[in-house]
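First up is the structure itself, then whatever we jot down about it.
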C-alpha cells in the first residue's frame, strides 16, 4: 500500500537521502510505494545547522533513519549525546528514551522526540507532563 503525502507548493521532503522539492502552484498529493524512510523538511536538520550538541544529536539520529545505516552513525550519535549531557544533564531522561527508541528500531519516533530540544515550549510542556504523569 502506498503512503499518500499532501505537499504544499515549494515544500521539500526526503525519501532516503534524496531531497524532493515540489515546484508547482497548488497542493499536490504524492504517492510513495515501497519501504523507504520519508522525512518532511520540518523535521529535517541540514548538516550545516548541526552546530550545537542537541542539533548534532538530531542530525545523527536523522542520518540513521534516512540512510538505514545505524552502526555507521554510532560514533556521531554517542559523541553528540555525551556533549549534550555535559552541557545539559537535565536531558538524561530524554537521551535514555531516545536510546530505547533506537534499540527498538523506532528511529522516526526518536527524531520526533528530539524536536523538543530545539523548542523550549515543548521542553517545558514535556517536563510538566512527566511531573503530572
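Residue numbers (this note's numbering): 8 to 140. Glycine residues also receive a C-beta, built at the ideal position from the N, C-alpha and C atoms. No experiment lies behind these values; they were computed from the predicted model shown.
Status (buried if at least 16 other CB within 10 Å, exposed otherwise) for residue i
i           : result
residue 139 : Any reading at residue 139 must be qualified, since the residue scores a pLDDT of 41, below 50, and its modelled position is unreliable; the value itself is stated next. It is exposed - the Cβ of residue 139 has fewer than 16 other Cβ atoms within 10 Å.
residue 35  : exposed
residue 46  : buried
residue 57  : buried
residue 10  : exposed
residue 118 : buried
Rounded straight-line distance, which links the Cα of residue j to that of residue i
i           : j          : result
residue 64  : residue 14 : 27 Å
residue 95  : residue 87 : 12 Å
residue 81  : residue 89 : 12 Å
residue 43  : residue 55 : 24 Å
residue 97  : residue 75 : 29 Å
residue 113 : residue 30 : 31 Å
residue 116 : residue 50 : 11 Å
Cβ shell of residue i (< 8 Å), same chain only, five flanking positions each side left out
i          : result
residue 48 : 18, 19, 20, 21
residue 32 : 16
residue 83 : 63, 66, 67, 70
Whether residue i touches residue j by CB criterion (7 Å)
i           : j          : result
residue 37  : residue 12 : yes
residue 70  : residue 52 : no
residue 103 : residue 92 : no
DSSP-derived helix/strand/coil call for residue i
i           : result
residue 48  : helix
residue 13  : strand
residue 19  : strand
residue 27  : strand
residue 135 : Any reading at residue 135 must be qualified, since the residue scores a pLDDT of 49, below 50, and its modelled position is unreliable; no value is offered.
C-beta neighbour in chain D for residue i, strict 7 Å
i          : result
residue 87 : Protein chains in the displayed structure number just one, and chain D is not present.
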